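Chains as they are written, first to last, in the numbering used here: chain A, 15 to 235; chain B, 59 to 446.
Idealized CB from N, CA, C, for every residue including glycine.
Values in this document were obtained by computation on a predicted structure and should not be read as measured data.
To keep things clear, I will list the structure first and then write my remarks on it.
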């Protein structure tokens, strides 16, 4: 049985999620929380966690991922609306996978199982948005890596990509893993707060964030 | 929109007409004013060459300016012919006079050849005008050269100076006039362009409002039906409807480069929504679609994608497909429809015949490209691309 946790501020989603995940038979939703702090504060912390990209408490997605990864967890980033810059930045921060919330259960379950097996699965939507990454300081991908990323992003099955390029399926997988490795090791570690605001400046995410709920301006501004 | 904007080029044309008229009046005046000479001195006192050339010059001038007024311009060819006539007259007529009379008011050529210099300055390019005026001045000097020794040297030289100064002033005036006219025309063109852009933006906004109306009608209808309790949210059908609406909204929101819905994104998302109703689960991914896109290409690509998705429903034996579209950054787009169903053998004769016909045709017709890839058991991917 694979145990997972979910961090989402949407109660409706959290409620539906338990039954939904439970129907797989081999995956169990063991913990839910509305924020990263709350999740890390629970007594039993499942190692695989699905994190909402845009939590309602205005916390920064990149820092949320960094915090969870720093605690030794494997993070699946999920979002309703794909946000190119944040998908790329959370991938760099060490997220294991990205999924959209409209994914069907089979896809999500496959992603969870792959992560449980120690893999870094790249879903089509993840590949699509990494392929659309246009930040000036994005990792340098080889033409072949880009080609494969774009094909996976279009939904092309690995088998078809392998045939088109005259390579084996495991080579396709290797290229994808190399892409993910390049993202994870751009040489831009985030191990304390100062690094974080540095990265945000580098990425120039161009995001005006709302003030914290207590009325104070956001700490990074 | 009632602002009357002059047609671009109108002011320049008007200026050209005025300048041609002014040149014509000037020349006519310069010729006619000489008529007092035969009246006062008597025709007999003038060499016949002088009279005959005068009449011929009148005829030539009439021909020249009738042509010029008709086309609103004196072309270089006409200018050069005019200069040739002036040079010939300046020499031949002046030499016909007795010494001391060539550089006097009895000679009719000085006025008209000044006029020729002015015409050059108005209508010829800078260098042609300079050389022509120089040639006229030299011809005048050559024609009246005997008078230099006949104590009329001042008249010879002042005639020369008059030719050059007249032409210079005319050149400057023409430059100022035409520059002002060009500027006025540019301003008019800019104003017209602005009007056109504004009208286009209005039309686009109107279209977008229409699209949003359609969008909201669909999604709002679903939500309101649920809210009123008309639809039980547990039913499979309602869940599917909600999922379709959600995909549609997502497609709209993510289509544009800056999250502003584009015509193509709206068209593709709407088409995807309709295809979903056939039981196909469509993963839509749109990004950076161009804001301004030819409507007929939007229609063609959307139609082709619809046919491709229909093909998935009919032949692929799967209930899931991927519809992706993104801008290439230079005004073009790439649209792909991918499924992981049966696929087919590209080499087989009858295979994909329907695809070729329905998808390829639409895209090729608007100048786009189609790439179809498939193999048994590996699904089918259709890539359509269009660049301006």
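Within 7 Å, strictly: CB atoms of residue i and residue j
| i | j | result |
| --- | --- | --- |
| residue 176(A) | residue 183(A) | yes |
| residue 340(B) | residue 381(B) | yes |
| residue 158(B) | residue 210(B) | yes |
| residue 89(A) | residue 63(A) | yes |
| residue 75(A) | residue 18(A) | no |
| residue 435(B) | residue 401(B) | yes |
| residue 190(B) | residue 172(B) | no |
| residue 170(A) | residue 396(B) | yes |
| residue 167(B) | residue 151(B) | yes |
| residue 236(A) | residue 83(A) | No answer is possible for residue 236(A): the residues shown for chain A start at 15 and end at 235. |
| residue 195(B) | residue 218(B) | yes |
| residue 69(B) | residue 247(B) | no |
| residue 98(A) | residue 146(A) | yes |
| residue 320(B) | residue 303(B) | no |
| residue 228(B) | residue 73(B) | no |
DSSP-derived helix/strand/coil call for residue i
| i | result |
| --- | --- |
| residue 444(B) | strand |
| residue 91(A) | strand |
| residue 429(B) | strand |
| residue 107(A) | coil |
| residue 104(B) | coil |
| residue 155(B) | coil |
| residue 198(B) | helix |
| residue 234(A) | No answer about residue 234(A) holds up, because its pLDDT of 44 lies below 50 and its placement is not dependable. |
| residue 67(B) | coil |
| residue 417(B) | helix |
| residue 201(A) | With a pLDDT of only 48 at residue 201(A), under the threshold of 50, the placement of this residue in the model should not be trusted, and no figure is reported. |
| residue 85(A) | coil |
| residue 182(B) | coil |
| residue 59(A) | coil |
| residue 384(B) | strand |
| residue 17(A) | strand |
| residue 84(B) | helix |
| residue 225(A) | Annotation note: pLDDT 47 at residue 225(A) (below 50); position unreliable, coordinate value reported separately. Three-state DSSP puts residue 225(A) in coil, outside helix and strand. |
| residue 30(A) | helix |
| residue 438(B) | strand |
| residue 369(B) | helix |
| residue 93(B) | helix |
| residue 72(A) | coil |
| residue 263(B) | helix |
| residue 44(A) | strand |
Neighbour list for residue i in chain A, Cβ cutoff strictly below 8 Å
| i | result |
| --- | --- |
| residue 376(B) | Here the premise fails: no neighbours, minimum Cβ distance about 11 Å. |
| residue 76(B) | Near residue 76(B) there are no residues of chain A at all, since even the closest Cβ is about 56 Å away, more than 8 Å. |
| residue 448(B) | No answer is possible for residue 448(B): it lies beyond the span of chain B, which begins at 59 and ends at 446. |
| residue 414(B) | Near residue 414(B) there are no residues of chain A at all, since even the closest Cβ is about 19 Å away, more than 8 Å. |
Cβ neighbours of residue i in the same chain (closer than 6 Å, five flanking residues each side left out)
| i | result |
| --- | --- |
| residue 393(B) | 359, 363, 383 and 442 |
| residue 95(B) | 164 |
| residue 197(B) | 145, 148 and 149 |
Environment of residue i [buried if 16+ CB atoms lie within 10 Å]
| i | result |
| --- | --- |
| residue 378(B) | buried |
| residue 199(A) | exposed |
| residue 225(B) | buried |
| residue 112(B) | buried |
| residue 261(B) | exposed |
| residue 103(B) | exposed |
| residue 323(B) | buried |
| residue 21(A) | buried |
| residue 15(A) | exposed |
| residue 185(B) | exposed |
| residue 366(B) | buried |
| residue 117(B) | exposed |
| residue 142(A) | buried |
| residue 175(B) | buried |
Within chain A, partners of residue i - CB distance below 7 Å
| i | result |
| --- | --- |
| residue 330(B) | Ordered by position in chain A, no residue passes the 7 Å Cβ test against residue 330(B), which lies about 12 Å from the chain. |
| residue 396(B) | 168, 169 and 170 |
| residue 433(B) | 174 and 177 |
| residue 442(B) | None at all; the shortest Cβ gap to chain A is about 12 Å. |
Spatial neighbours of residue i in its chain, beta-carbon cut-off 8 Å, leaving aside the 5 residues before and after
| i | result |
| --- | --- |
| residue 197(A) | 102, 105, 106, 144 and 153 |
| residue 399(B) | 370, 373, 374, 375, 376, 437 and 438 |
| residue 354(B) | 424 |
Cross-chain neighbours of residue i in chain B, by beta carbon under 8 Å
| i | result |
| --- | --- |
| residue 146(A) | 345, 346 and 384 |
Contacts that residue i makes with chain A (C-beta to C-beta distance below 9 Å)
| i | result |
| --- | --- |
| residue 308(B) | 94, 95, 96, 114 and 116 |
| residue 437(B) | 169, 170, 171, 173 and 174 |
| residue 301(B) | 116 |
Neighbouring residues, chain B, relative to residue i (Cβ below 9 Å)
| i | result |
| --- | --- |
| residue 138(A) | 341, 343, 380, 382 and 396 |
Check: residue i C-beta below 6 Å from any heavy atom of the ligand COA
| i | result |
| --- | --- |
| residue 246(B) | Looking for the ligand COA in the displayed structure turns up nothing, as the structure carries no ligands at all. |
Cutoff 7 Å; reference residue i; Cβ partners in own chain excluding five residues on either side
| i | result |
| --- | --- |
| residue 31(A) | 20 and 43 |
| residue 85(A) | 54 |
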